[in-house]
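Residue numbers (the numbering used here), protein chains in the order written: chain A, 506 to 738; chain B, 604 to 1078.
Here it is, written out as structure tokens:
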């Protein structure tokens, strides 16, 4: 591969979380470094010139927003994704106003973090999805909103099609219930008991796209969410 | 004034009191002084008029034709304000016929005025050549066929001395009186403010640890007693809120402990002995599920906290309740379909009624009730969702009726308690956080409404949400 792997710097004072993040993000194919304080983080931003900064807001001695402010003042070109347990709308607005590109509240689901990282690193707006995308023998026509498998047309409701499209676009990655609630159901409140709505919807989708066929594409990852992919041969 | 403003109430009261008193006393003194002066001057005038009558009887022409005053008769008025009589007698041409020795040769007044002493006494104050002020009256007197003008006066020095003494006395007495008044005022103010001071000391001693303490109310009908009563009422509400918070914190800790315990146990057990990858995966999945429960509980707690303070928040808006209900039903439509539940909607026209509040919170509130109804409904059953408007009340009622197991006696109110879970088991899905209905209750009550489960409905559960509403403008 000619292109260098994107560099990600994690500034997080909780050791456990930091270690897990490094291991997980590295596993997803990025070049990851970690800092445990604001000063160290700021130093590494200069030295490593990362493409993306994962920034915790509650750091010892200095607030994460301080570094963010300084980074933006110096005009350093780095995408910033804030990770914090301060989760109110006001906190979000404050973070985004200071110059963050995205904001993720703790506790977050790891698949969601990966999805956000990828979206931020794309730098330009995601291209409009191609008219035809497929996973294995599952094919979606995004314009005509028709899905077929093994050349047989699948009868899907509008919501089921949206759900399937989302899974296909994120094919190979795990999609959490939070991501689905927000992106498919447009539920902004974290507290909306729709997990079983999602589960039932997913079961119905599975019935239509997997049950009649020998190869199962849609898998439930217990405790995390769902993934759509061709099983390893 | 700026200094007084910074002083204590007691000092300010006293200052005001003394200032007003000083002003009053000063006015009083001026009036008394003037009155005294006028009275005494009148007295002198009267005495002098009498004296002139006396003197007229004592005047005589001697053998040489000179005018003389008989000296063998005590003729001074009985007043210590009139000491030395000064007298001058002239004829009409102005020739001085008699001049008393007390004048020491200086004339008593100038040339004769027309009609002097004729129609009136022409009382006036003159200044003698030696500087003495004299109160003078004139009188025309006929004697031995001659017309005489008698001018008679007394020195004003005794009167002025007396007035001066009076003034000094006033000037000495006034500050003394004011000092006494200030002292008394200070004491009275202190006495009046004493209950306030006691209340302050008492209130200072009240903290979160002894919120049950109350202020002593000496006299509940007076202003301070009223204040104490109001304060006590405030303390009572604070205490209740504190107790509620305390109970809630304890409950929350307990609720969080349960998933934590299973997290820990699953972790400890799986690390204890060598296991297959499949078993490890199973354990980790179980741990992830438990963290999900923990997250949900914490999110619900935060939502409750948000609902607690949302009454004047910026999220308040007016919206038709029917649209919100449709949204919620649409959200759970797939569950309803899956379980082959039939939803019967009634009174949909009333859905255009406008309610006011935090739309996001009300949506969660309604969703909780409907989700519960779906959760506990048996397959193939009916859920009735109806809008009603009670006559003569500016409210809208949303009734959600399922045919599930309902509640046992005594549960109808308890289901709204935080972390309370009913005895009935939901159909085929996991348990909630135990906070759903308490969130509903809080949100509805914060919007000025009420929510209850009908105790008389035994075929299932019937929940009614009643909210203040405006008639839709469209109808």
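Cβ atoms here follow ideal geometry from the backbone N, Cα and C, with glycine treated the same way. None of these values were measured; they are calculated from a predicted model.
A buried status is given to residue 1072 (chain B), since no fewer than 16 other beta-carbon atoms sit within 10 Å of its beta-carbon. Exclusion of the five residues before and after residue 737 (chain B) leaves 689, 711, 728, 729, 730, 731, 756, 757, 758, 759 as the residues of its chain whose Cβ lies within less than 8 Å of its Cβ. Annotation note: the stretch 554-614 of chain A contains the following uninterrupted alpha helix (DSSP H) runs of length 4 or greater, listed N- to C-terminal: 569-578, 594-603. Within the stretch 662-704 of chain A, the runs of beta strand (DSSP E) at least 3 residues long that lie entirely inside it are, in chain order, 679-681. Using beta-carbon distances, residue 885 (chain B) counts as an interface residue toward chain A, with a partner under 9 Å. Contact check between the stretch 893-900 of chain B and the stretch 863-872 of chain B: three or more CB pairs, one atom from each, fall below 8 Å, which counts as touching. Using a Cβ-Cβ cut-off of 9 Å, residue 572 (chain A) does not count as an interface residue toward chain B, since no Cβ of chain B sits closer than that to its own.
Under DSSP, residue 692 (chain B) forms a beta bridge with B:701, B:753.
Separation of the CB atoms of residue 977 (chain B) and residue 944 (chain B) is rounded to 7 Å, and the pair is thereby assigned contact status at 8 Å.
Considering only B:613, B:772, B:797, the residue with the shortest C-alpha distance to residue 789 (chain B) is B:613. Listed along the chain, the chain A residues whose CB falls inside 9 Å of the CB of residue 888 (chain B) are 726, 727, 728, 729. Residue 1062 (chain B) and residue 1009 (chain B) have their C-alpha atoms spaced approximately 7 Å apart. Taken in chain order, the whole alpha helix (DSSP H) runs of length 4 or more contained in the stretch 1009-1052 of chain B are 1014-1017, 1039-1049. Not one beta carbon of chain A lies nearer than 9 Å to the beta carbon of residue 1061 (chain B). Between residue 705 (chain A) and residue 941 (chain B), the C-beta gap is smaller than 9 Å, which places the two residues in contact. The residues 681, 683, in chain order, have a CB closer than 6 Å to that of residue 614 (chain A) in the same chain once the five nearest residues on each side in sequence are set aside. If you draw a straight line from the Cα of residue 994 (chain B) to the Cα of residue 824 (chain B), it is about 42 Å long. Within the stretch 705-720 of chain A, those residues whose Cβ lies closer than 9 Å to any Cβ of chain B are, in chain order, 705, 706, 708, 709. Under the Cβ distance rule, residue 963 (chain B) counts among the residues neighbouring chain A, one pair being separated by less than 9 Å. Remark: three or more beta-carbon pairs, one from each stretch, lie closer than 8 Å, so the stretch 961-979 of chain B and the stretch 1036-1053 of chain B are flagged as touching. Note that the stretch 739-752 of chain B does not touch the stretch 768-780 of chain B; fewer than 3 beta-carbon pairs, one per stretch, sit closer than 8 Å.
Within chain A, the residues 612, 728 have their CB atoms less than 9 Å from the CB of residue 894 (chain B), given in chain order. When DSSP states are grouped into helix, strand and coil, residue 884 (chain B) belongs to the helix group.
At a cut-off of 9 Å between beta carbons, residue 679 (chain A) makes no contact with chain B. Annotation for residue 538 (chain A): the continuous beta strand (DSSP E) segment containing it runs 536-540. Judged by their CB atoms, residue 669 (chain B) and residue 700 (chain B) are nearer to each other than the 9 Å cut-off. Here residue 584 (chain A) is near residue 558 (chain A), since their CB atoms are less than 9 Å apart. DSSP, read as helix, strand or coil, puts residue 658 (chain A) in strand.
Within chain B, the residues whose beta carbon sits less than 7 Å from that of residue 699 (chain A) are 934, listed in sequence order.
Under the DSSP assignment, residue 676 (chain B) falls outside any beta strand (DSSP E); it carries neither an H nor an E label. Residue contact check for residue 988 (chain B) against chain A: no CB pair falls below 9 Å. Between residue 543 (chain A) and residue 567 (chain A) a beta carbon distance of about 4 Å is seen, short of the 8 Å cut, so the two are scored as contacting.
Comparing alpha carbon positions, the residue from A:645, A:609, A:580 closest to residue 593 (chain A) is A:609. In terms of Cβ geometry, residue 1005 (chain B) and residue 1055 (chain B) do not form a close pair [threshold 9 Å]. Exposure of residue 663 (chain A) is indicated by the presence of fewer than 16 other C-beta atoms within 10 angstroms of its C-beta.
The shortest CA-to-CA distance from residue 927 (chain B) to any of B:615, B:988, B:696, B:799 is the one to B:988.
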